[in-house]
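Chains A and B supply the protein sequences, listed in that same order.
Under this note's numbering, the first residue of the first sequence carries the number 1, and numbering increases by one thereafter.
Under this note's numbering, the first residue of the second sequence carries the number 1001, and numbering increases by one thereafter.
For glycine and all other residues, C-beta sits at the position ideal for the given N, C-alpha and C.
Protein chains: 2
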Amino acid sequence: MIDTILLNHGSGRGLDELLHTVILPEIGIDSAAPLEDAAVFTLPQGRCAFTTDSFVIRPLEFPGGDIGKLSVCGTINDLAMVGATPHSISVAMIIEEGLDVALLRRILRSIRHESKAAGVSIQCGDTKVVDRGKADGIFIATSGIGIVPPGRNLSVANAGSGDAVVLSGPIGLHGIAVLSAREGLNFASTVVSDCASLHRCAEALLRASPHTRTMRDATRGGCAAVLNEIAEASGVTIMVCENAIPVPPEVVGACSYLGLDPLQVANEGRFVAIVPAEEAEAAVTACRTVEHGGGACIIGTVEPRGRVAVLLETAIGSRRVVDVPSGDLLPRIC
Amino acid sequence: MIDTILLNHGSGRGLDELLHTVILPEIGIDSAAPLEDAAVFTLPQGRCAFTTDSFVIRPLEFPGGDIGKLSVCGTINDLAMVGATPHSISVAMIIEEGLDVALLRRILRSIRHESKAAGVSIQCGDTKVVDRGKADGIFIATSGIGIVPPGRNLSVANAGSGDAVVLSGPIGLHGIAVLSAREGLNFASTVVSDCASLHRCAEALLRASPHTRTMRDATRGGCAAVLNEIAEASGVTIMVCENAIPVPPEVVGACSYLGLDPLQVANEGRFVAIVPAEEAEAAVTACRTVEHGGGACIIGTVEPRGRVAVLLETAIGSRRVVDVPSGDLLPRIC
């Protein structure tokens, strides 16, 4: 029985034991089958989407998820945002000597559960162990392959004047949940991260709004970062309406207490879509019929490029610039 | 000008600056093009090979390479070992606050150089920054996609009695080079790592020996680990001949000084192939015509399963078991 990860588990018989008694069984891979240097499989027809992300979140577990769930959702969402159907993922783990194996098992079970629920197969993986004090528990890097159906050509540069801005649900929950867990802050109620796989919601939106210009999940830097990226890449100004943006009361409270702008707080289960105005209602209605899209709404419009990239019409009718934070409001949020 | 990585470079405008002034230009990606959440491209016909690896080597630079070159070669080699033509890679970096940007630039240039030389495109990437003391300079996770030509079905479980064991070149150079660089050991001459992309050599071998059973690059655990993996998965005994195994004199010297077995020392540019006896000469000849295959030779034979997995016939005619090290001889060798 391995209770704690030792440097010894990074190679040779130690790694073999870790793989066959902990990693493969918990992640749900047949540990009797031979392990090849690469997985080989047939992809469905279509263009290939490919993405990668590493996850360094602290703490490793938080209300609504853990680094395992986050790593699967994050990669699935990046595929979903280009209109791809997620197909396969890889999981590479860098583990610090001393990691509690009970915690590792919980993380691996989250990876298994989330990938299974999403219908994505874990095709390959890698495990490294580094000396105590040279990492922070565990880092996970996931990559994903998806298939893009014909005719879909989404790009952050495709937004145009007159388009509508759709948001898939209430914002700020991931950032506040992680911050609360990290700092031991107690707000009135426990804030639960929105961490979720969005491919089904994205697919519903794309079917209802086939001329969608771009979609982007609002992770690091929150909605503010995503809206600025789209506005800059497309050469437009995006105008969003504060009254239209759903911010849960617990996020409002925490942000006002901490001096944060909810638009800059990270999400892990929300996306922004830019759609033609005439398809916007259908897009919202479609999102609302599926999981993680129940709070979808129209939050603004795309206008010809003005002086600034993103403007917010506040609840009291004034306008302010929505800027990108200069650095991390909250380091290691994902 | 960014001289040193700060936590601030992990998000928002700080990340944007790091990406556009350092990472994208050095890695050779057009930094004016919009960055999407995932790359979308058309793969050539054929089955898809998919692999991932993370690299935690210490020191980050060593004679013959650095973590950047290693991360590209390692992933290309895993694809090559299943008979795939490498097509695309992803690069995810976890950077410790305080990393010298001059060093980061050298690493990025190595990634660019090695991927370009190998004809593989860098399709996507990710950058995270963690606080000082929570990583070790930089960790890199790469994933790769390749295309497997029809009719190739290599597997570590396919070795059969009567097959020949081919080794692509002299062993032990990577491990000894890294150990020397790490510990400041001075051997008579500088030992240079064998770190290299092996897809062209593997392709040459597969064309000359179309019934090749399996190939595996001899990284962590060296040839000893690979031979044991093949023998166990295939239910055979592998007999190798000490006199036939090329070990450079500087590796012999270092191993005898340090009490290491050259068969257990890691390589990053050598592979073992199991081929039908009648194709073995052609396989060796083909390897010798291409880069990184000049030292190819036949080192043994596959026999029906006996009491042990791998046996070595020593130079003096005795036999000893070739075992897998119980843990890391040398932690963080890749």
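Candidates the options: closest to residue i by CA position
i	options	result
B:G1098	B:P1248, B:G1010 and B:V1236	B:G1010
B:S1088	B:G1064, B:D1100 and B:A1038	B:A1038
B:S1189	B:G1300, B:N1158 and B:P1063	B:P1063
B:D1323	B:D1100, B:A1282, B:A1277 and B:L1227	B:L1227
A:A157	A:V82, A:P248 and A:E313	A:V82
A:T127	A:L311, A:A280 and A:L104	A:L104
A:L311	A:I5, A:A231, A:R220 and A:I147	A:A231
B:P1059	B:R1132, B:I1002 and B:G1175	B:G1175
B:V1321	B:A1315, B:A1309 and B:G1222	B:A1309
B:V1056	B:L1007, B:A1254 and B:A1141	B:A1141
B:A1159	B:L1024, B:S1234, B:N1077 and B:S1110	B:S1234
A:P246	A:E291, A:G222 and A:L167	A:L167
A:N8	A:A196, A:D131 and A:R216	A:D131
B:V1129	B:G1065, B:E1026, B:A1218 and B:G1014	B:G1014
B:E1061	B:C1195, B:T1051, B:L1258 and B:S1115	B:C1195
A:C287	A:G151, A:S110, A:H199 and A:F139	A:H199
A:P331	B:G1295, B:L1205, B:I1138 and B:K1134	B:K1134
A:R305	A:V178, A:G162 and A:N186	A:G162
A:N153	A:I138, A:H211, A:V265 and A:T42	A:H211
A:I76	A:S54, A:R319 and A:G317	A:S54
B:A1336	B:P1325, B:L1018 and B:S1197	Residue 1336 of chain B lies beyond the residue range present for chain B, which begins at 1001 and ends at 1334; the question has no answer from this structure.
A:A315	A:A218, A:M215, A:T237 and A:E242	A:E242
A:R106	A:G146, A:G65 and A:G119	A:G65
B:A1032	B:D1016, B:V1272 and B:F1271	B:D1016
Chain A contact for residue i (CB, 8 Å cutoff)
i	result
B:G1133	yes
B:G1160	no
B:T1051	yes
B:P1331	yes
B:C1201	no
B:F1041	yes
B:M1001	no
B:A1231	no
B:Q1123	yes
B:S1326	yes
B:M1081	yes
B:G1294	no
B:R1216	yes
B:V1056	yes
B:A1273	no
One or two residues paired with residue i in a DSSP bridge
i	result
B:R1320	B:L1312
A:V375	Residue 375 of chain A falls outside the range modelled here, since chain A spans only 1 to 334, and no answer is possible.
B:S969	Past the edges of chain B, shown from 1001 to 1334, lies residue 969 of chain B, and the structure says nothing about it.
B:I1145	B:F1050 and B:S1088
B:T1021	Paired residue(s): none; B:T1021 is not in a bridge.
B:I1138	B:I1095
Interface flag, residue i vs chain B, CB-CB below 8 Å
i	result
A:V148	yes
A:A38	yes
A:I145	yes
A:F139	yes
A:K128	yes
A:R220	yes
A:I94	yes
A:L7	yes
A:A157	yes
A:A225	yes
A:P210	no
A:G12	yes
Distance between beta carbons of residue j and residue i, contact taken as under 8 Å
i	j	result
B:E1268	B:L1070	6 Å
B:P1249	B:L1173	Wrong, their Cβ atoms sit about 11 Å apart, outside the cutoff.
B:G1293	B:G1169	7 Å
A:I2	A:T21	6 Å
A:I280	A:A164	Note that residue 280 of chain A corresponds to Ala in the displayed sequence, not to Ile. About 4 Å separates the two Cβ atoms, so the contact holds.
A:I274	A:V302	6 Å
A:C73	B:T1052	That pair is no contact at about 18 Å.
B:S1155	B:T1214	6 Å
A:P149	A:G259	With 8 Å as the limit, A:P149 and A:G259 do not qualify as a contact, their Cβ atoms being about 44 Å apart.
A:I27	A:I138	With a Cβ gap of about 13 Å, A:I27 and A:I138 do not count as contacting.
A:A84	A:S197	At roughly 13 Å, the Cβ-Cβ gap does not stay under 8 Å, so A:A84 and A:S197 are not in contact.
Cβ-heavy atom distance, residue i to the ligand ADP, below 7 Å
i	result
B:A1049	The ligand content of the structure shown is nil, which means the ligand ADP is not present either.
Discussion item. At 3 residues or longer, what runs of the beta strand (DSSP E) sit wholly inside the segment 1047-1134 of chain B?
Written reply: Listed in chain order, the complete beta strand (DSSP E) runs (minimum 3 residues) inside the segment 1047-1134 of chain B are 1047-1055, 1085-1096 and 1121-1130.
Practice prompt. Return the chain-ordered ranges of every beta strand (DSSP E) run that is complete within the segment 240-312 of chain A and spans a minimum of 3 residues.
Written response: Unbroken beta strand (DSSP E) runs of no fewer than 3 residues, entirely contained in the segment 240-312 of chain A, are found at 271-275 and 297-304, following chain order.
Discussion item. In chain order, what are the residue ranges of uninterrupted alpha helix (DSSP H) at least 4 long that sit wholly in the segment 160-248 of chain A?
Written reply: Along the length of the segment 160-248 of chain A, whole alpha helix (DSSP H) runs at least 4 residues long occupy 173-183, 199-208 and 222-234, reported in chain order.
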